[in-house]
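Scroll down for the structure; my scribbles are underneath it.
Number of protein chains: 2
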Amino acid sequence: MQKLTVVKVGGKIVEDAESLNKLLSDFSKIEGQKILVHGGGKTATTIAEKLGVKTEMVNGRRITNAEMLDVAMMVYGGLINKNIVAKCQAFGLNAIGLTGADLNIIKAVKRPVKDIDYGFAGDVVSVQTEHLSLLLKHDAVPVIAPLTHNGEGLILNTNADTMAAEISKALAPEFECSLVYCFEKPGVLSNPDDDNSVIGRLSHESFKRYQEDETINAGMIPKLDNGFDALRSGVSEVVITNSSSLAQLNDLGTRLTLD
Amino acid sequence: MQKLTVVKVGGKIVEDAESLNKLLSDFSKIEGQKILVHGGGKTATTIAEKLGVKTEMVNGRRITNAEMLDVAMMVYGGLINKNIVAKCQAFGLNAIGLTGADLNIIKAVKRPVKDIDYGFAGDVVSVQTEHLSLLLKHDAVPVIAPLTHNGEGLILNTNADTMAAEISKALAPEFECSLVYCFEKPGVLSNPDDDNSVIGRLSHESFKRYQEDETINAGMIPKLDNGFDALRSGVSEVVITNSSSLAQLNDLGTRLTLD
Numbered sequence: 001m002q003k004l005t006v007v008k009v010g011g012k013i014v015e016d017a018e019s020l021n022k023l024l025s026d027f028s029k030i031e032g033q034k035i036l037v038h039g040g041g042k043t044a045t046t047i048a049e050k051l052g053v054k055t056e057m058v059n060g061r062r063i064t065n066a067e068m069l070d071v072a073m074m075v076y077g078g079l080i081n082k083n084i085v086a087k088c089q090a091f092g093l094n095a096i097g098l099t100g101a102d103l104n105i106i107k108a109v110k111r112p113v114k115d116i117d118y119g120f121a122g123d124v125v126s127v128q129t130e131h132l133s134l135l136l137k138h139d140a141v142p143v144i145a146p147l148t149h150n151g152e153g154l155i156l157n158t159n160a161d162t163m164a165a166e167i168s169k170a171l172a173p174e175f176e177c178s179l180v181y182c183f184e185k186p187g188v189l190s191n192p193d194d195d196n197s198v199i200g201r202l203s204h205e206s207f208k209r210y211q212e213d214e215t216i217n218a219g220m221i222p223k224l225d226n227g228f229d230a231l232r233s234g235v236s237e238v239v240i241t242n243s244s245s246l247a248q249l250n251d252l253g254t255r256l257t258l259d
Numbered sequence: 260m261q262k263l264t265v266v267k268v269g270g271k272i273v274e275d276a277e278s279l280n281k282l283l284s285d286f287s288k289i290e291g292q293k294i295l296v297h298g299g300g301k302t303a304t305t306i307a308e309k310l311g312v313k314t315e316m317v318n319g320r321r322i323t324n325a326e327m328l329d330v331a332m333m334v335y336g337g338l339i340n341k342n343i344v345a346k347c348q349a350f351g352l353n354a355i356g357l358t359g360a361d362l363n364i365i366k367a368v369k370r371p372v373k374d375i376d377y378g379f380a381g382d383v384v385s386v387q388t389e390h391l392s393l394l395l396k397h398d399a400v401p402v403i404a405p406l407t408h409n410g411e412g413l414i415l416n417t418n419a420d421t422m423a424a425e426i427s428k429a430l431a432p433e434f435e436c437s438l439v440y441c442f443e444k445p446g447v448l449s450n451p452d453d454d455n456s457v458i459g460r461l462s463h464e465s466f467k468r469y470q471e472d473e474t475i476n477a478g479m480i481p482k483l484d485n486g487f488d489a490l491r492s493g494v495s496e497v498v499i500t501n502s503s504s505l506a507q508l509n510d511l512g513t514r515l516t517l518d
């Protein structure tokens with residue numbers, strides 16, 4: 001089985017020219033096939049503001065009204081995605097920018113309105129891997145923006161962490177798949193105030209324990225839930241680390257384990 | 260040889276929901292493989308204005324400074340391209356949005372400054388068809404935005420007519436290729452004031468004659484130059500027509516001929 005590494009990086013890393021260069025330099029050295037899934041929230045907020053579109057966040061999630069959807073399409077699908085693609089090409093990676101609408105890779109539904117109306121936010125329904133897998137086998141490097149579609153002509157703003165997990169799960173039968181979540185800390189910490197307290201291997205049982213005693217904070221929980229879900233669904237390896245550690249994936253960060 | 264139709268449509272058609280629907284309905288019925296190349300200038304101008312970026316045109320071409328390049332990436336590569344892709348999916352076309360940077364399809368150089376500095380405008384240098392052809396053979400429908408890259412990490416704003424011609428030429432050895440330029444008139448007119456005066460077949464010789472006596476206006480000339488160049492380079496058929504005639508490509512519009 002061919003090796004595939006799916007790396008998710010947040011907006012901050014890809015929105016800054018210097019950190020993007022460092023990221024892509026490390027990313028380009030990862031062996032085997034690879035996919036980059038990116039965010040871009042800060043730029044979206046800046047562009048929205050300039051366009052007079054108000055940014056509203058609830059529980060850390062963006063409320064995507066029609067105007068904000070346009071901004072998301074412009075910033076995630078255009079500005080940031082195409083900048084990364086062009087930069088990848090300069091690093092010798094034959095990148096291809098994709099959203100879930102392209103090649104019908106990820107279909108979603110508009111999130112049902114319960115307590116909160118998230119607007120044009122998408123909840124993933126299905127992943128089509130036929131063309132994605134074809135591209136990977138021809139050495140293309142998909143660069144994926146946090147947008148999906150509903151199959152009826154509508155783009156939906158979608159959580160990049162979830163997209164990375166769903167793509168990894170869907171490709172797991174064909175590739176020996178590693179899922180890497182990059183974030184600002186060096187890994188999951190046993191002491192939130194001490195960056196040296198990285199938990200090298202985190203079992204699902206200890207995760208539950210850390211969650212109960214609130215060692216692991218709220219923002220981290222969906223990421224870890226996604227990660228454990230991916231592991232249970234055939235993804236070989238899930239690592240939570242800092243983007244600066246991409247070159248030392250085997251040694252640094254937190255590795256999730258099911259036992 | 261498989262049949263391939265490359266359709267170029269201007270911004271106006273794809274920027275209006277109703278005309279886009281009509282276009283995609285007709286486009287989806289074209290037999291064989293297909294590619295859509297689109298513009299989007301009007302929206303770029305509107306968004307630029309909202310962002311406080313001044314639009315400057317010289318000889319009908321946009322001056323692309325750094326701020327305008329961001330707008331072009333957002334509007335062409337993001338907003339318009341992803342909207343078309345999502346709408347195509349609803350019409351049963353497995354669309355994939357691409358710029359010249361994606362899969363390294365079209366490399367360009369920043370236009371050399373002579374009398375006018377066009378800024379980040381690209382002149383096409385080379386077309387890579389390997390992955391494009393692979394996608395076409397797997398029934399994907401490329402939707403191409405008017406952006407290329409220089410191979411060194413920079414996106415360049417590029418003329419969509421030229422891109423459509425270059426893509427057709429590059430794919431001509433593998434596909435029986437038709438290039439269709441859609442514009443606001445029903446075809447090339449022998450009397451610019453009479454929409455019923457469509458020239459059914461336009462030879463290169465008559466084109467030169469019409470050009471001398473100014474029957475064919477300045478804006479049309481680069482399009483026709485591109486078209487004749489494509490014909491000379493192995494493209495089977497070049498048609499200039501109105502987007503509303505896409506369903507009757509064999510009967511309407513102007514067909515270029517070399518003799």
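Those protein sequences? They're chains C and F, same order as listed.
Mapping of the first sequence onto the numbering used here: position 46 corresponds to residue 46, and the numbering continues sequentially without gaps.
Mapping of the second sequence onto the numbering used here: position 104 corresponds to residue 363, and the numbering continues sequentially without gaps.
Just so you know, even glycine gets a beta-carbon here, dropped at the ideal spot from N, CA and C.
Sequence-distant residues of the same chain with beta carbon closer than 6 Å to residue i, five excluded per side
i        : result
Glu461/F : Position check: residue 461/F holds Leu in this sequence, whereas Glu was assumed. Answer for Leu461/F: Val447, Thr513 and Leu515, listed in chain order.
Tyr181/C : Lys8, Lys223 and Ile240
Gly539/F : Here chain F covers residues 260 to 518 and nothing more, so residue 539/F does not appear.
Val296/F : Lys267, Ile403, Ala419, Met422 and Ala423
Lys107/C : Val125, Ser126 and Gly151
Lys346/F : Leu283
Asp260/C : Residue 260/C falls outside the range modelled here, since chain C spans only 1 to 259, and no answer is possible.
Arg468/F : none
Glu279/F : With the sequence shown as reference, residue 279/F is identified as Leu, and Glu is not the correct amino acid for it. Answer for Leu279/F: Val273, listed in chain order.
Ile35/C  : Val6 and Pro142
Arg370/F : Tyr377, Ala380 and Asp382
Contact set for residue i: own chain, Cβ-Cβ below 8 Å, skip 5 residues either direction
i        : result
Ser284/F : Phe350
Gly219/C : Gly60
Asp488/F : Ala424 and Lys428
Ala325/F : Gly378 and Phe379
Integer-rounded CB distance, given that residue j should sit under 8 Å from residue i
i        : j        : result
Pro405/F : Gly298/F : 6 Å
Ile355/F : Leu103/C : 5 Å
Pro186/C : Ser245/C : 7 Å
Gly410/F : Gln89/C  : 6 Å
Val85/C  : Ala360/F : 5 Å
Leu23/C  : Ser243/C : 5 Å
Thr148/C : Val124/C : 7 Å
Gly466/F : Met260/F : Just to set this straight, residue 466/F is Phe in the shown sequence, not Gly. Incorrect: roughly 27 Å between the Cβ atoms, too far for contact.
Val497/F : Leu413/F : Val497/F to Leu413/F, Cβ: 31 Å. No contact.
Asn217/C : Arg62/C  : Actually they are not in contact, since the Cβ atoms of Asn217/C and Arg62/C sit about 20 Å apart, beyond 8 Å.
Glu15/C  : Thr45/C  : That pair is no contact at about 11 Å.
Leu134/C : Leu393/F : 7 Å
Those residues which DSSP pairs with residue i across a bridge
i        : result
Arg111/C : The partner list for Arg111/C (beta bridge, DSSP) is empty, contrary to what the question assumes.
Leu4/C   : Gln33/C and Cys177/C
Ala399/F : Asn353/F
Val497/F : Leu438/F
Ala17/C  : According to DSSP, which records beta bridges pairwise, Ala17/C is partnered with nothing at all.
Ile106/C : Val127/C
Thr513/F : Ile499/F
Val9/C   : His38/C
Gly122/C : Lys110/C
Contacts around residue i, its chain only, beta-carbon distance under 7 Å, and the 5 residues preceding and following it disregarded
i        : result
Glu31/C  : Lys3
Ser265/C : Any answer about residue 265/C is impossible in this case: the structure gives chain C only from 1 up to 259.
Leu310/F : Val330
Asn353/F : Asp398, Ala399 and Val400
Cys436/F : Leu263, Val265, Ser427, Leu430, Val494 and Ser495
Ile105/C : Leu98, Val127, Gln128 and Leu132
Cys259/C : Per the sequence shown, residue 259/C should be read as Asp rather than Cys. Only Ser203 meet the Cβ criterion.
Asn485/F : Asp420, Thr421 and Ala424
Ile480/F : Gln470
Ala17/C  : none
| request: Write down every uninterrupted run of the alpha helix (DSSP H) in the segment 147-231 of chain C whose length is 4 residues or greater and which is fully enclosed by it, in chain order. | output: 160-171 and 204-212
| field | Sequence ranges, beta strand (DSSP E) only - wholly within the segment 287-328 of chain F, length at least 3 | value | 292-297
| request: Could you say if the segment 18-37 of chain C and the segment 50-59 of chain C meet the contact criterion of at least three C-beta pairs nearer than 8 Å? | output: no
| query | Is the segment 220-239 of chain C close to the segment 165-179 of chain C, with three or more CB pairs under 8 Å? | reply | yes
| request: Examine the Cβ distances between the segment 107-125 of chain C and the segment 75-85 of chain C and report whether three or more of them are shorter than 8 Å. | output: no
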